[in-house]
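Report on the structure given below.
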Amino acid sequence: MARSDQAGPLVAIRLLAPAAGDQVSRCWQDGEAVAVLDPRAPAAVTETALARVQPTHIVDEHGRRAHPPGTPATAGVVAVVLTSGTTGDPKAVELTAAGRDAIGQGFAAALDIGPGDRWLVCLPLHHVAGLAILGRSAAAGFPVVTHDGFDLDAVAASPERDATTIVSLVPTTLARLVDAGAPLARFRAIVTGGAPLPPAVRGRAEAVGGRVVDTYGLSETWGGVLLDGVPLPGAEFEIGEDGDVFVRGAMVMRGYRFDETATAAATTADGWFCTGDVGRIGSDGRIVITDRRHEVIITGGVNVSPTAVEAVLADHPGVADVCVAGRPDAEWGGRVVAYVVARNPTAPPRLDDLRAFASERLSAAQLPREVVLIDAVPRTAGGKALRRALAQGKRSRRRYPAP
31 MARSDQAGPL
41 VAIRLLAPAA
51 GDQVSRCWQD
61 GEAVAVLDPR
71 APAAVTETAL
81 ARVQPTHIVD
91 EHGRRAHPPG
101 TPATAGVVAV
111 VLTSGTTGDP
121 KAVELTAAGR
131 DAIGQGFAAA
141 LDIGPGDRWL
151 VCLPLHHVAG
161 LAILGRSAAA
171 GFPVVTHDGF
181 DLDAVAASPE
191 RDATTIVSLV
201 PTTLARLVDA
211 GAPLARFRAI
221 VTGGAPLPPA
231 VRGRAEAVGG
241 RVVDTYGLSE
251 TWGGVLLDGV
261 PLPGAEFEIG
271 EDGDVFVRGA
281 MVMRGYRFDE
291 TATAAATTAD
301 GWFCTGDVGR
311 IGSDGRIVIT
321 DRRHEVIITG
331 GVNVSPTAVE
341 AVLADHPGVA
351 DVCVAGRPDA
361 EWGGRVVAYV
371 VARNPTAPPR
381 LDDLRAFASE
391 RLSAAQLPRE
401 VVLIDAVPRT
411 AGGKALRRAL
421 AQGKRSRRRY
431 PAP
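Residue 31 is where the sequence shown starts when you use my numbering, and the numbers rise one by one after that.
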């Protein structure tokens, strides 16, 4: 690949996959930085993204053209990724060539990637989860096969049709493959991320031969930097006394484009990035990410992890999907609310059923005090649940409040 240690063009790519992936590869070969935009986003969303990124060029279905005034990519930067915006307005994250090399070499070593491996990309390229696979490929030299999003039949057939050996999925799509009886054992590795992986989903996948590797990462770290709780080679982690998770390494972002204030707030002078997540060291020495700090529910003075509650409720036979969030409560300060997608919508689980089911594994403070039935859990392109959207009352159907 051409040198990227000087300021140069920043190309916004607005194409469907696999054409978008091909364009990313060409730009990197030419030493250009890329910013992949959602090709299906409304015009207003695209304009907002362009205003944040300020690319020098655009490539879309009409071809390539200059985008004045535009601002060249910062020296060393090879990608600009917009965050999902679950904690506020999206930020433009500057990712470096050194970080791309680090994740490529790290994953190649961790997954023992060899000459016969091909990685299936069915995650959106405008999200770091999809783009990072292309980055690993560029750095480590393994081939990829890119699909235009997740199609159950196409993914299930990919090992035979495309000779793919590794696939990246979000927990929801892995669950769909398991439910459909897909031959998961044909993949040498199934890499999950984007949202917490329910133990029940992992267990069901592994029961049919799936070899699952669960990852944790962020837009600011070129994607996954923990594999089953073990840091990627080259990634350092620290857990603060209050559980705050910090990460340092070449894969950490250069900063937020045009936002020095936000960059300074998220990073330290010696290179540590504050993830905004809460975690702990498990008894086996692995790092366990428990929650986003801002998503912890405080009810009656007790801190409740929504992820921990979700993991239990997801095991209920009547629950197809679930998201837990907090709502204001005049008496308790915060109310634990379970937003449930029923496996059988005509006979959904009720609040008393769920509380009784969970009572053997959760404390009284953790038990949901309200159930809201929904058609689907709203998620980002990377599979992260939009808790705020649910807490604000969107997508609700019926409520079962606690007596």
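Ideal Cβ placement from N, Cα and C applies to all residues, glycine included.
Q) At which residue ranges does the stretch 40-69 contain complete alpha helix (DSSP H) runs of 4 or more residues, listed in the order of the chain? A) Unbroken alpha helix (DSSP H) stretches of 4 residues or longer found wholly inside the stretch 40-69: 49-59, given in chain order.
key: Glu400 and Val367 closer than 8 Å at C-beta   = To locate residue 400, count along the sequence shown from 1; it is residue 370. To locate residue 367, count along the sequence shown from 1; it is residue 337. At the C-beta level, Glu400 and Val367 come within 8 Å of one another.
Practice problem: Under 6 Å Cβ to Cβ from Ala421, same chain only, skipping five residues before and after it: list those, please. | Solution: Looking up residue 421 in the sequence shown gives position 391. Exclusion of the five residues before and after Ala421 leaves Ala355 and Arg357 as the residues of its chain whose Cβ lies within less than 6 Å of its Cβ.
Do Phe217 and Val197 have their C-beta atoms closer together than 8 Å?
-> Within the sequence shown, the letter at position 187 stands for residue 217. Within the sequence shown, the letter at position 167 stands for residue 197. In contact: Phe217 and Val197 (Cβ atoms closer than 8 Å).
Quiz item: Got a sec, what are the start and stop residues for the alpha helix (DSSP H) Phe137 sits in?
Solution: Translated into the one-based positions of the sequence shown, residue 137 becomes position 107. First-last of the alpha helix (DSSP H) with Phe137: Ala127 to Ala140.
_Quick check: what's the CA-CA separation for Ala162 versus Trp252?_
Walking along the sequence shown from the start, residue 162 turns up at place 132. Walking along the sequence shown from the start, residue 252 turns up at place 222. So the alpha carbons of these two residues sit roughly 6 Å apart.
Original post:
How many Å lie between Val242 and Leu257 at the Cα?
Top reply: As a working mapping, residue 242 is identified with position 212 in the sequence shown. As a working mapping, residue 257 is identified with position 227 in the sequence shown. It is roughly 10 Å from the alpha-carbon of Val242 to the alpha-carbon of Leu257.
For this session: Alpha carbon to alpha carbon, how far is Gly285 from Ala127? Give it in angstroms, no decimals.
Result: To locate residue 127, count along the sequence shown from 1; it is residue 97. To locate residue 285, count along the sequence shown from 1; it is residue 255. Linking Ala127 to Gly285 through their CA atoms gives a straight-line distance of about 14 Å.
task = For Thr104, collect the residues of the same chain with a Cβ closer than 7 Å to its Cβ; drop the 5 residues on either side in sequence, then sort them by chain order.
result = Here residue 104 is taken as the residue at index 74 of the sequence shown, counted from 1. The answer, listed in chain order, is Ala37, Glu124 and Arg284.
Can you check the stretch 158-223 for any alpha helix (DSSP H) of at least 4 residues that lies completely inside it and give the ranges in chain order? Taken in chain order, the unbroken stretches of alpha helix (DSSP H) that lie wholly in the stretch 158-223 and span 4 residues or more are 158-170, 182-191 and 201-209.
Practice prompt. Note down the Cα distance separating Val111 from Pro39, rounded to an integer number of angstroms.
Written response: Reading the sequence shown from its first residue, position 81 is the one you call residue 111. Reading the sequence shown from its first residue, position 9 is the one you call residue 39. A direct Cα-Cα distance of roughly 15 Å separates Val111 from Pro39.
query: Is the CB-CB distance between Ala132 and Ala280 below 8 Å?
result: The residue you call residue 132 lines up with position 102 of the sequence shown. The residue you call residue 280 lines up with position 250 of the sequence shown. Taking 8 Å as the cut-off, the Cβ atoms of Ala132 and Ala280 count as close.
Check your understanding: If you run the structure through DSSP and keep just helix, strand and coil, what is Asp383?
Key -> Counting from 1 along the sequence shown, the entry for residue 383 is found at position 353. Reduced to three states, the DSSP call for Asp383 is helix.
Margin query: Using 8 Å as the cut-off, can you tell me whether the stretch 166-182 makes contact with the stretch 219-239, which would need three or more C-beta pairs spanning the two stretches below that distance?
Written below: Below 8 Å, too few C-beta pairs join the stretch 166-182 and the stretch 219-239 to call them touching: fewer than three.
Extent of the continuous alpha helix (DSSP H) run through Val342 | In the sequence shown, counting from the first residue as 1, residue 342 sits at position 312. Segment Pro336 to Leu343, the alpha helix (DSSP H) holding Val342.
Within 10 angstroms of the Cβ of Ser114, are there 16 or more other Cβ atoms? Answer buried if so, exposed if not.
-> Indexing the sequence shown from 1 puts residue 114 at position 84. Residue environment for Ser114: buried (at least 16 other C-beta atoms within 10 angstroms of its C-beta).
ask   = By DSSP, does Leu80 sit in helix, in strand, or in coil?
value = If you number the sequence shown from 1, residue 80 lands on position 50. DSSP places Leu80 within a helical segment (H, G or I) once states are collapsed to three.
Below 8 Å between beta carbons: does that hold for Gly487 and Ala109? Residue 487 falls outside the range modelled here, since the chain spans only 31 to 433, and no answer is possible.
Inside the stretch 298-334 only - beta strand (DSSP E) runs reaching at least 3 residues: You should have 303-311, 317-322, 327-329 and 332-334.
request  = Check whether the Cβ atoms of Phe157 and Ala411 lie closer than 8 Å to each other.
outcome  = Position 127 of the sequence shown, counted from the start, is the residue given in the question as residue 157. Position 381 of the sequence shown, counted from the start, is the residue given in the question as residue 411. In the sequence as displayed, the identity of residue 157 is His instead of Phe. Yes, Cβ-Cβ distance for His157 and Ala411 is below 8 Å.
To which residues of the same chain is Leu207 closer than 7 Å at the C-beta, ignoring the five residues directly before and after it?
The count along the sequence shown starts at 1 and reaches residue 207 at position 177. Cβ within range, chain order: Leu182, Val185, Ala186 and Leu214.
Nearest-angstrom Cα separation, counted from Tyr369 out to Glu290:
Your numbering for residue 290 matches position 260 in the sequence shown. Your numbering for residue 369 matches position 339 in the sequence shown. Distance between the alpha carbons of Glu290 and Tyr369: 37 Å.
field: Straight-line gap, Val339 to His92 (C-alpha atoms, nearest Å)
entry: For this step, residue 339 is matched to residue 309 along the sequence shown. For this step, residue 92 is matched to residue 62 along the sequence shown. Cα to Cα, the separation comes out at about 48 Å.
Does Gly233 come out as helix, strand or coil in the three-state DSSP assignment? Taking the sequence shown and counting its residues from 1, one reaches residue 233 at position 203. Here Gly233 sits in helix by DSSP.
For Val200, which option in Val174, Arg166, Gly254 and Phe172 has the closest C-alpha, if you only look at C-alpha atoms? Residue mapping note: residue 200 aligns to position 170 of the sequence shown, counting from 1. Val200 has its Cα closest to that of Gly254, out of Val174, Arg166, Gly254 and Phe172.
With 16 other Cβ atoms within 10 Å as the buried cut-off, status of Ser389:
Position 359 of the sequence shown, counting from 1, holds the residue named residue 389. Flag for Ser389 reads exposed.
query: Is any heavy atom in the ligand ATP found nearer than 7 Å to the beta carbon of Ile163?
result: Because no ligand of any kind appears in the structure shown, any question about the ligand ATP cannot be addressed here.
Measuring only the C-alpha atoms, how far is Asp244 from Pro261? In the sequence shown, residue 244 corresponds to position 214, counting from 1. In the sequence shown, residue 261 corresponds to position 231, counting from 1. Cα to Cα, the separation comes out at about 12 Å.
- Query: Does DSSP put Arg241 in a helix, in a strand, or in coil?
  - Reply: Residue 241 sits at position 211 when you count from the first residue of the sequence shown. Coil.
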